[in-house]
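Protein chains in written order, with the working numbering: chain G, 256 to 835; chain V, 805 to 1022.
Some notes on the structure that comes next.
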């Protein structure tokens, strides 16, 4: 008869194979046991208390750990214990993996804390050869550091050192002393217009701080196409673009690390979620393939890079993981956003829309995922408008008009209005439409052809045209993606909106101007910056990272512009009218 | 039956409204009523498309209106052109244009608009579509006896194809046979001058104006 494991105090039973490793049986039975070092008996994090039954004797690595770490009497390492009979166990909470909430659109999705990068502290007798660290592959640098740690400690008793381990197998670096309480990662949302960097504590799973700024490549052009054009066939320019964005990132990282008193050496991993052109440019990889038909980049997915080769201000022996691209114009930012949104787990038919300089659309049609991208231009980010601005203090981000045409604004920071950002523009256009100051064709009806908003602030006819073009691009994309799958808007169970708009988009107004399909508010979810949440989830969980990689491969990439009726649909979509 | 001022105003209005059905009906009425097709074109429909151009330039009209008007004009012309006396038809025909988006570029909304407006303005248009090789442009121009080759490009990367076509015409000794007209979002007058193009259109209507100027020179 198979041995039984009784979990106290609940009394829950887990069945176990004869001779099975206790840790594996518990994980199989749904216990989120922290097998931090991958079951090698070296980290001591999977201790369980045996309160009944007779466990077998401890093995060599457990004995070593008991000596060096003062493992309490009665506590055993679940990863080293082969079960030979019924056991009654108590699991201390310190041995369980914490669940980290990943916040998306105010909703939290739990992610089990299991980062790809971990630190394991060792205390051992001087003179013990490094080859005894079972199953761990040491990089040449780590091996050299280890040898140094031993030689400097020779004859003085125990050696204390910390291994920086990647994916439970590879030791990237060895640091003297116990530094296992200090390990950080960077979640980077590498946008065409704006860049957000978040410092994440990989030990606790908590976000330490965030910094944001304008992408320094903006001087080379506002949108992806102009950046690609700038670098096309021009290696020195490509290098300038690379250096510009790395400078932006490093300025933000320097500010964050300084504010939070973290040394660059303590930052071991960065996850970069950017569109395909942005991640190519960040690595200084040629974008020539993205410039001309058939528009193919140099890579979709690639193994993590040595941080030192990227120029990021972090531990040069650490790693940089590029969120995998789905296609040439549906990039790693969308993969990250999808992972955070949970689109693939939603039953039925859901649409994910990321509204930014590019408008990317992903449809989950009962498990079949298709993605497309549309060139929306920078209007949604408040750029390219005569009175436009990013969502910065003084930007009008909410607006409404009373029937007499008087405007009420909300600005970021409550400052006097200085300009209009994307969500404000949508509100203003919706307000002007319903008070008869704008035709559905987008014509400003006042003879001045200007829409006065406040002292010194007005929308020009061309601003409305920019929004029409951006909105039509997205709308056409949605229409064509649905049609390709034989679906109508009424078949959708829900719409998830991510991107530049954050969570301040007035969904009713977006529907009013025809940007979003008509769908009742209940089924419309505003996700905010899902790419950043996804990058954070990639840092915190190996399982999520693997899922993201599989997802990027599994989503079909559909090219809309090749479709013969794109133009007719696009022209039709320019009108401000609700979906029918 | 003579055409009344009122009926010619209706023709112009059908174009301004982008009302293809009305334009078609008015054009057919001219023929069935024994009116003079040339007068209808020159004093009815053409003033309409000219007004549309003015509305576009003032920002009152946008792409949908422009396209609808161009389609209405094309429809009216398709009815009236065959009825024009041969000499008059030739006089009304502005010329033959081979048009396309250059190789490597699949964007063709702007090019399609130029094609529609050129037709509406009396040009014979041979539209080669998007992602067109230099060879196809030249073969089509040679075979059709075109006056103008029109090249559209949306990307600064693909607009190099405009230069390559001109270079190729020079190499084959064909440059003098054709006027080359360039356009597209990244294209500027400076670029047109640099590569030795004969004309440049900042937008679809400007392209039509440039084409008229080029046709007038030939």
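Glycine residues also receive a C-beta, built at the ideal position from the N, C-alpha and C atoms.
Residue-level contact to chain G via CB, residue i, 8 angstroms cutoff
i: residue 1009 of chain V; result: no
i: residue 825 of chain V; result: no
i: residue 868 of chain V; result: yes
i: residue 922 of chain V; result: no
i: residue 808 of chain V; result: no
i: residue 959 of chain V; result: yes
i: residue 953 of chain V; result: no
i: residue 910 of chain V; result: yes
For residue i, three-class secondary structure by DSSP
i: residue 484 of chain G; result: helix
i: residue 413 of chain G; result: strand
i: residue 505 of chain G; result: helix
i: residue 911 of chain V; result: coil
i: residue 613 of chain G; result: strand
i: residue 974 of chain V; result: helix
i: residue 468 of chain G; result: strand
i: residue 576 of chain G; result: strand
i: residue 717 of chain G; result: helix
i: residue 952 of chain V; result: strand
i: residue 461 of chain G; result: coil
i: residue 431 of chain G; result: strand
i: residue 742 of chain G; result: coil
i: residue 897 of chain V; result: coil
i: residue 882 of chain V; result: helix
i: residue 521 of chain G; result: helix
i: residue 705 of chain G; result: strand
i: residue 671 of chain G; result: coil
Bridge partner(s) assigned by DSSP for residue i
i: residue 1004 of chain V; result: V:986
i: residue 655 of chain G; result: G:663
i: residue 374 of chain G; result: G:419
i: residue 449 of chain G; result: G:469
i: residue 992 of chain V; result: Beta-bridge pairing links residue 992 of chain V to no other residue.
i: residue 781 of chain G; result: G:752
Cβ of residue i within 8 angstroms of any chain V Cβ
i: residue 697 of chain G; result: yes
i: residue 487 of chain G; result: yes
i: residue 716 of chain G; result: yes
i: residue 829 of chain G; result: yes
i: residue 484 of chain G; result: yes
i: residue 547 of chain G; result: yes
i: residue 705 of chain G; result: no
i: residue 723 of chain G; result: yes
i: residue 607 of chain G; result: no
i: residue 472 of chain G; result: no
i: residue 514 of chain G; result: no
i: residue 756 of chain G; result: no
i: residue 480 of chain G; result: yes
i: residue 720 of chain G; result: yes
i: residue 733 of chain G; result: no
i: residue 804 of chain G; result: no
i: residue 635 of chain G; result: no
Expected contact under 8 angstroms - CB spacing of residue i and residue j to nearest Å
i: residue 604 of chain G; j: residue 742 of chain G; result: 6 angstroms
i: residue 654 of chain G; j: residue 683 of chain G; result: 5 angstroms
i: residue 1002 of chain V; j: residue 991 of chain V; result: With a Cβ gap of about 14 angstroms, residue 1002 of chain V and residue 991 of chain V do not count as contacting.
i: residue 831 of chain V; j: residue 867 of chain V; result: Going by Cβ atoms, the distance from residue 831 of chain V to residue 867 of chain V rounds to 24 angstroms, so no, they are not a contact pair.
i: residue 652 of chain G; j: residue 679 of chain G; result: 5 angstroms
i: residue 850 of chain V; j: residue 873 of chain V; result: Actually they are not in contact, since the Cβ atoms of residue 850 of chain V and residue 873 of chain V sit about 12 angstroms apart, beyond 8 angstroms.
i: residue 650 of chain G; j: residue 676 of chain G; result: 4 angstroms
- Below 8 angstroms, can you find three or more Cβ-Cβ pairs linking the region 434-445 of chain G to the region 786-802 of chain G? yes
- Task: Flag this pair as touching only if the region 392-400 of chain G and the region 817-828 of chain G have three or more C-beta atom pairs under 8 angstroms; answer yes or no.
- Result: no
- Query: Are the region 913-922 of chain V and the region 870-881 of chain V touching, with three or more C-beta to C-beta distances below 8 angstroms?
  - Reply: yes
- Message: With three or more C-beta pairs closer than 8 angstroms as the rule, is the region 310-328 of chain G touching the region 259-276 of chain G?
- Response: no
- Give a yes or no on contact between the region 614-630 of chain G and the region 638-649 of chain G, applying the rule of three or more CB pairs nearer than 8 angstroms. no
- Message: Does the region 804-821 of chain G come into contact with the region 585-598 of chain G, if we say contact requires no fewer than three beta-carbon pairs (one atom in each stretch) closer than 8 angstroms?
- Response: yes
- Does the region 414-429 of chain G come close enough to the region 479-492 of chain G to have 3 or more Cβ pairs within less than 8 angstroms? no
- Three-pair Cβ contact test at 8 angstroms for the region 921-936 of chain V versus the region 457-464 of chain G: no
- Message: For the structure I just gave you, are there three or more beta carbon pairs, one from the region 690-697 of chain G and one from the region 718-727 of chain G, closer than 8 angstroms?
- Response: yes
- Touching by the beta-carbon criterion (3+ pairs, under 8 angstroms), the region 819-827 of chain V and the region 738-754 of chain G: no
- Item | Inter-stretch contact at 8 angstroms, needing at least 3 Cβ pairs: the region 489-499 of chain G / the region 519-538 of chain G | yes
- contact_flag[the region 566-585 of chain G, the region 516-534 of chain G] where n(CB pairs < 8 angstroms) is 3 or more: yes
- Task: Report yes or no: do three or more beta-carbon pairs, one from the region 835-842 of chain V and one from the region 728-746 of chain G, lie closer than 8 angstroms?
- Result: no
- Message: Quick check: the region 1006-1015 of chain V against the region 970-978 of chain V, are at least 3 beta-carbon pairs closer than 8 angstroms?
- Response: no
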